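Here the structure is laid out as structure tokens; the discussion comes afterwards.
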Amino acid sequence: MNKQTAGALTPLSPSLQANVKAIQSRFGGSTDLVIRMFRSDAAPEREIAILYVDGIVDTGTINESVMEPLMSMRLPPHALVKGSKLLEALRSCVVSIGSVQDIHALEQALQYMTDGLCIILADGCPAALTADVNGGDQRNVSIPQTQTVIRGPQHAFVENLRTNISLVRRIIRSSDLHVQVHKLGQQTHTNVAVLYVNGIVDEGIVKEVYRRLAAIDLDGVLESGYIEEFIQDETFTLFPTLLNTERPDTVAAALLEGRVAVMVDGSPIALMAPTTFFSFFQSPEDYYQRFDIASFVRIIRYAAYVVSIVLPAVYIAVTTFHQEMLPTTLLISLAAQREGIPFPGLAEALLMELTFEVLREAGLRMPRAIGPAISIVGALVLGQSAVQAGIVSAGMVIVVSFTAISNFVMPEFNMAATSRIIRFLFTIMAGVFGFFGIFISVLFMLIHLVSLRSFGVPYMSPIAPGPAKQGLWRDAFIRLPWWAIVLRPMDLNLRNPKRQANGKRPPAQRHSSKP
Amino acid sequence: MKKWRLLLALLACLLTAGCWNRVELNDIAVISATGIDWKEGNWVLSYQVVIPQAISSQSAASSSAAVNVFSTKGQSFRSAVSKASQETSRRLYFSHTQIVIIGQEAARKGIGSLLDTYLRNHDSRETVSVYLSKGSARKMLEQLIPLEKIPGAAIQRMITNEEMNSSAFRQMTIHQVLMDLLGTTHATGIPGLVVSGTNESVDRAGQLTRTSTPSKVKLYDLGLIKGDKLVGWLNNEESQGAMWLADHVKKTTVPFACDENRSGQKNSSIRITHAKTKLRPELLNGNWIMHVEAGADGTLMEYNCEGDLSKPKQVAKIERLIEGEITAIVENGWKALRKNGADVIGFGSVIRQKYPKQWSKASDNWTELFAGTEVKVKVNVRLNSTGMSGSGFKQEQEKDG
């Protein structure tokens, strides 16, 4: 995986000057390369150099733990003899940093420097010391931006992989949480971490994740989305087969369910696999709120998803093919709205849907300062005026708005985005064939859904194929109380499929017993 | 790649298929009520077309009527309907028709062909309720009705209201009519409509701006259909009796007088909240006897007679009075039915259930046998409550004074 360093290595030369020159030329004279050369009191005849890339290291740490001890070091006399002994002595006696390593090749030195480490070179030694002084300006851990909850932890991942891993580690405090970091990207050398809980996870899936990651040969990995498209099972599908989240607690929960998480340095979004269709409807808050409320909200979510796919289609079908299905009074008020509308219902629906998509995209991309403007234009001009001008009917505006709002109920954005595209297909089919078209579309969608797999797990599990074990339903459409969810939710060959013992229902506390 | 090309071809097919039988909402004329008249050898069909703009609150131009009525003529129903396209801009849409009004002339001619049309076409629903009109059906359709925007729907709600609160008439849907006419006795009763009041018809929206209208559509008389033809009418009281006999009374109010021979003013009344009629046929010396056992529960609504209502004895006495009153209503209805010889109350089917063999002999000349049937009425009333006061206002006053 470490392709650059795995290739032909250039050994470091014993001459400090030559080494520094070589590094300088490899960086092409970049100005953020900092080279500090000095002589220490303890070994005045031996020149020492510290090299690091400015901005990605913590300068304070360098000053306190590297420069200062080096300047004022007292070394045992045998260390002053020539050769690599000096560096060894520096490592064991002087540099006061946790992570220090010996390296012998130029490419290694370059790699560590770009990773935010500092290199210590000494004259006469064909080797270098690295000291981990990683730092620099980073965004602080803050509240989640896209996956908000009312009750539950309020921190989200940041762009720093180390911080992100530490956030998960703080939740799962066990040595069974295994973290493997790989480098991906020929130019970016991005750290990609694979996390899983040993003893729960199906090792076949971990191996499969490694295999798919190893097959990636890209020049740069800037976001987990790059990786998602390489490791997902099916490219030509509208449905996501990998979960993503910016919440450490969601990742921890997924790991405990036996999933594997993939995190990418530079991205606050972690991927989780394998996944099923139903896990996209589970908000972390479902598990923090009381089970009855959580179940109710989850049912609402499923209903809203269906609404966000079929509502415009049903409206079109009913108003242009099956008018007899409407109550008379509703029919008459809808008919009154349609008087004088120039477009057929289908065209009207597509027009409004596209307008909404444009509005939404504009709302996302435009500079934040003109945010209120778009809502005024969108809501007032397009909604109200279009109705008053008789271009679209009021009923259609209501349908499109409700559809749009239903779409925002989804806790996972990528699943919500799916319904936006499917909705258009459904609407067109309804406009051409009425309810017949809708049912054909539903049929094809279901056939497609049951054909999907995510890392070998059937996408529609536990519905199709039916649950392999009793009790997998307990967390699919509703959530039973925690003591009832005995099994981890997937049809996997989990090493440890039970999350708790049976029969942990608390006894009814009838009266408060007096002490 | 090949797969994609195939998919593209399929997609193109989809669009060339066109939009099948798509009809926009503003391409249809929603008909709320249909009227059927027979005039000079032709069926005259009248349609009450809803004008959506006049109804919706958005463009509340209350000065215009919410419906438009027009008629077409033809030798058959569907030929008359098809002629409508010569005078309307939109396709007639029958699925939302609420009522069908059959003119007296048309009903005497026979409604068989109307029923056939309803059985054959999917857009004519069998849940439509049917009425007979004393005058022409078209005139009924032209009447505006206060409170409701669509007169067709108003009449439909009128019968539901009547059915639930006074039960002198019952809603007859096409389905129910078919069940009756294709059933054992081939007879049914259909409520009649009449325009009461002055001769001026309420067919302008402006007339509804006044506090009272010169005339009004009313439920009036029960038309008796035998075979498929109108054979006679029962008045409202007789119709009430027929409803008791046929066990169609849901809730009603029965007035009664204080004395047992029912001669005084009927100044007290009971609200029947629950009623049930059982028919038990009996064959005696070749004559049919029908035992009618009616049970009713009710609440006293007004009471202007003597007696202390806190005494069970007095309550039982009132119950007897009411029983006598209901018996009179039932017998009155029976008399009228016997005169017309139309078994709209289903004696025939009760007999058929109990005496299938004898019925197969009797069914041929059932009309005569029906008129000769002896009806023995037994009513059992239970007064559940005397209301919120005991003895009554007058007695209270006398007690104090």
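Line by line, the protein sequences are chains X and F.
Each residue of the first sequence is one higher than the one before, starting from 5 at the first, in the working numbering.
Each residue of the second sequence is one higher than the one before, starting from 40 at the first, in the working numbering.
Glycine included, each C-beta is placed from N, C-alpha and C at the ideal position.
Here the structure is a predicted model, which means the values were calculated and not measured.
Rounded to the nearest angstrom, the gap between the Cα atoms of ARG166 (chain X) and ASN248 (chain X) is 18 Å. In this structure, DSSP gives MET267 (chain X) an extended state, which the three-state scheme calls strand. For ASN138 (chain X), the pairing in a beta bridge is given by DSSP as X:VAL61. Taken through DSSP and simplified to helix, strand or coil, GLN397 (chain F) comes out as helix.
Ranked by how close their Cα comes to the Cα of ASP298 (chain F), the residues F:ILE361, F:SER110, F:SER388 have F:ILE361 in first place. In this structure, the alpha-carbon of ALA123 (chain F) lies about 15 Å from that of ARG177 (chain F). Chain-order list of chain X residues neighbouring ALA192 (chain F): THR332, THR333, by C-beta distance under 9 Å.
Burial check for HIS313 (chain F): the Cβ neighbour count within 10 Å stays below 16, so the residue is exposed. In the DSSP assignment, HIS182 (chain X) falls within the beta strand (DSSP E) that extends over 181-188. Interface residue (Cβ-Cβ distance to chain F less than 8 Å): SER337 (chain X) is classified as such. Taking 8 Å as the threshold, the shortest C-beta distance from ARG427 (chain X) to chain F does not fall below it. The beta carbon of GLN236 (chain X) sits closer than 7 Å to the beta carbons of THR245, LEU246 from its chain, once the five residues preceding and following it are set aside; these are given in chain order. Following the DSSP letters along the chain, one finds THR254 (chain X) inside the alpha helix (DSSP H) bounded by residues 252-260. Between the segment 333-340 of chain F and the segment 420-438 of chain F there are three or more C-beta pairs closer than 8 Å, enough to call the two in contact.
Residues are counted here when their Cβ sits less than 9 Å from a Cβ of chain F; for the segment 343-354 of chain X these are GLU343, GLY344, ILE345, PRO348, GLY349, LEU350, given in chain order. In the DSSP assignment, ARG302 (chain X) falls within the unbroken alpha helix (DSSP H) covering 295-324. In this structure, ALA257 (chain X) lies away from ILE442 (chain X), with their beta-carbon atoms at least 8 Å apart. Counting other Cβ atoms within 10 Å of its Cβ, THR239 (chain X) stays below 16 and is therefore classed as exposed. Taking 8 Å as the threshold, the shortest C-beta distance from LEU53 (chain F) to chain X falls below it. By the C-beta criterion, the segment 354-374 of chain F is judged to be in contact with the segment 270-283 of chain F, since at least 3 inter-stretch pairs fall below 8 Å. Against PHE325 (chain X), the close residues of chain F are TRP59, ASN60, ARG61, VAL62, in the order they occur along the chain (beta-carbon pairs closer than 8 Å).
Residues of the segment 436-451 of chain X whose Cβ lies closer than 8 Å to any Cβ of chain F, in chain order: VAL436, PHE437, GLY438.
The closest CA to that of VAL389 (chain F), considering only F:ILE67, F:ALA285, F:ALA296, is found on F:ALA285. The three-state reading of DSSP puts CYS129 (chain X) in coil, since its state is none of H, G, I, E or B. Separation of LEU315 (chain X) and ALA146 (chain F) (C-alpha to C-alpha, rounded to the nearest whole angstrom) is 46 Å. For LEU180 (chain F) against GLY74 (chain F), the beta-carbon gap comes to about 5 Å, under 8 Å, which counts as contact.
Taking the C-beta atoms as reference points, THR237 (chain F) is found nearer than 8 Å to SER254 (chain F). Along the segment 238-254 of chain X, none of the residues has a CB nearer than 9 Å to a CB of chain F. Taking 8 Å as the cut-off, the beta carbon of HIS330 (chain F) is found no closer than this to the beta carbon of LYS265 (chain F). When DSSP states are grouped into helix, strand and coil, THR366 (chain F) belongs to the helix group. Contact with chain X is absent for ILE75 (chain F), since none of that chain's Cβ atoms lies less than 8 Å from the residue's Cβ. Here DSSP, grouped into helix, strand and coil, assigns SER103 (chain X) to coil. Residue-level contact by beta carbon fails for GLN210 (chain F) and chain X, as no gap is shorter than 8 Å. Buried is the label assigned to ASN195 (chain X), since at least 16 other Cβ atoms lie within 10 Å of its Cβ. The C-beta of GLU207 (chain X) comes no closer than 8 Å to any C-beta of chain F. Contact between the segment 91-100 of chain X and the segment 124-132 of chain X is present: 3 or more CB-CB pairs across the two stretches fall below 8 Å.
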